[in-house]
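Worksheet: one structure, shown below.
The structure is reproduced here in structure tokens:
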């Protein structure tokens with residue numbers, strides 16, 4: 305077995321970059337992919353119930369993602385609805401290998417298209433922070449001071465995200481919040497890896513500038 309330390313630094317760095325950009329395999333992906341392929345085949349044969357099962361399987365995922373990309377909750381719901389309509393209309397263009405990835409890409413594009421088309425007063429991309437029915441779990445974190453700080457942190461961050469460009473916001477949310485890697489984000493948004501990395505870098509710089517006077521909220 306070769307000693308990794310004997311590999312030239314340039315080759316080792318290239319291998320590490322390739323590994324970092326390789327799509328991640330999430331638990332349950334293989335079983336879900338098999339299920340999706342069966343349902344897609346059924347939907348293509350005219351079984352509307354099969355497509356409805358796909359909607360049920362991914363509506364929460366799509367809404368959670370789009371709600372962080374589109375500040376207005378009503379617009380977010382519109383974007384999710386449009387994403388499913390678009391997926392149904394274009395189902396015959398699906399070529400695999402992942403229906404989840406294909407649908408997520410449609411949802412991201414629907415959100416970004418809507419953001420470019422409608423410029424409204426920004427509101428929180430984190431609607432759960434404003435839901436009065438939400439209650440924090442029991443434990444030390446229920447301390448009123450901690451809850452107040454966490455809520456304020458979320459409000460300030462949401463406002464900062466809403467203040468930067470929609471392309472940068474999408475890249476940051478997909479990478480830092482949703483945990484997608486560079487290659488996945490590039491496929492979702494239809495841009496190069498370099499563009500994805502640039503948007504994340506520039507977006508973080510923009511956020512840092514906006515949050516400069518409130519950084520005490522983000523120090524533990």
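Numbering (our numbering), first residue to last: 305 to 524.
Where a beta carbon is used, it is the ideal one built from N, C-alpha and C, also for glycine.
In this text, all values refer to a predicted model and were calculated from it rather than measured experimentally.
Simplified DSSP assignment, three categories, for residue i
i: residue 396; result: helix
i: residue 378; result: helix
i: residue 485; result: coil
i: residue 495; result: coil
i: residue 502; result: helix
i: residue 469; result: coil
i: residue 390; result: helix
i: residue 350; result: coil
i: residue 365; result: helix
i: residue 478; result: helix
i: residue 407; result: helix
i: residue 509; result: helix
i: residue 418; result: helix
i: residue 515; result: coil
Beta-carbon gap between residue i and residue j smaller than 8 Å
i: residue 493; j: residue 412; result: yes
i: residue 491; j: residue 409; result: yes
is_contact[residue i, chain B] using C-beta, thresh 8 Å
i: residue 503; result: Structure shown: chain B not included; a single protein chain is present.
Exposure label - residue i; buried when at least 16 CB within 10 Å
i: residue 376; result: buried
i: residue 461; result: buried
i: residue 338; result: exposed
i: residue 371; result: buried
i: residue 396; result: exposed
i: residue 517; result: exposed
i: residue 388; result: buried
If you pair each beta-carbon of the region 499-513 with each one of the region 467-484, do three or more pairs fall below 8 Å? yes
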